[in-house]
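Quick notes on the structure that follows.
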Amino acid sequence: MARWARAALRGLRRKKVALGVRIVNEKESATLNRRYRGKSGATNVLSFPFEAPQGMRSDTLGDLVLCAPLVRREARAQKRAPAAHWAHLVVHGILHLRGYDHENAKAAAVMEAREARVLRSLGYPNPYTAPGHE
Numbered sequence: 000m001a002r003w004a005r006a007a008l009r010g011l012r013r014k015k016v017a018l019g020v021r022i023v024n025e026k027e028s029a030t031l032n033r034r035y036r037g038k039s040g041a042t043n044v045l046s047f048p049f050e051a052p053q054g055m056r057s058d059t060l061g062d063l064v065l066c067a068p069l070v071r072r073e074a075r076a077q078k079r080a081p082a083a084h085w086a087h088l089v090v091h092g093i094l095h096l097r098g099y100d101h102e103n104a105k106a107a108a109v110m111e112a113r114e115a116r117v118l119r120s121l122g123y124p125n126p127y128t129a130p131g132h133e
């Protein structure tokens with residue numbers, strides 16, 4: 000996971016970065032998804048950017064919450080190698096922490112291209128063109 004994170008953090012102009020990662024079950028994922036996004040059900044990854052108080056510097060980028068049962072189920076359903084899917088979601092979550100989003104088609108294209116480049120550098124296929132992508 001550290002290797003995936005380092006790849007997603009390349010180009011960030013910081014010498015040190017602190018990143019929290021929590022692996023949860025579906026119940027906790029659903030609770031967090033409802034509380035912070037207003038959406039029902041579990042989700043594969045949630046990103047929580049850290050916002051330092053004004054005037055304070057911090058190495059903390061934020062936190063990722065990954066739902067292990069859902070990630071495993073998605074990998075099976077999409078016929079992907081589990082490591083490739085985990086890597087994709089870690090990279091995806093970190094890019095959200097870096098300010099990328101997919102709220103519109105243009106932003107999604109930029110984010111997906113960045114994800115594909117990072118994953119390719121790690122030896123994984125583009126998750127958006129790989130078989131099983133929905």
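Per numbering that gives the first Met the number 0, residue 0 is the first one in the sequence shown, and the count goes up by one each step.
For glycine and all other residues, C-beta sits at the position ideal for the given N, C-alpha and C.
Cα-Cα, which of C66, L60 and G61 is closest to P32? The displayed chain sequence assigns Asn, not Pro, to residue 32. Each of C66, L60 and G61 was checked against the Cα of N32, and the nearest Cα belongs to C66.
Can you tell which of G92, A112, P126 and V109 has its C-alpha closest to the C-alpha of A4? Answer by Cα proximity: G92.
T42 by DSSP, collapsed to three states: which one? T42 falls in the coil class under three-state DSSP.
For L96 versus V70, is the C-beta spacing smaller than 9 Å? It is not a contact, given that the beta carbons lie outside the stated cut-off.
Classify A1 as helix, strand or coil using the three-state DSSP reduction. The three-state secondary structure of A1, taken from DSSP, is helix.
From this set, N125, T30, V117 and P126, which residue's C-alpha is nearest L8's C-alpha? Cα-wise, what sits closest to L8 is V117.
Pick from N103, A86, G98 and L94 that is closest to A124, judged by C-alpha positions: One detail in the question is off: residue 124 reads as Pro in this sequence, not Ala. Taking P124 as reference, the option from N103, A86, G98 and L94 with the minimal CA-CA separation is A86.
Relative to the C-alpha of L45, which residue among G61, A106 and S57 is closest? That would be G61, whose Cα lies nearest to the Cα of L45.
R34 (DSSP reduced to helix, strand or coil): In the structure shown, R34 sits in a helix (DSSP, three-state: H, G or I).
Under the three-state DSSP convention, the category P48 falls into: DSSP places P48 in strand when its eight states are reduced to three.
Determine, using beta carbons only, whether A107 and T128 come nearer to each other than 9 Å. Against a cut-off of 9 Å, the Cβ pair of T128 and A107 comes out as no contact.
How is G61 classed by DSSP in three states: helix, strand or coil? Annotated three-state conformation of G61 is strand, per DSSP.
For R79, which three-state DSSP category applies? Coil.
Under the three-state reduction of DSSP, which class applies to G92: helix, strand or coil? For G92, the three-state secondary structure derived from DSSP is helix.
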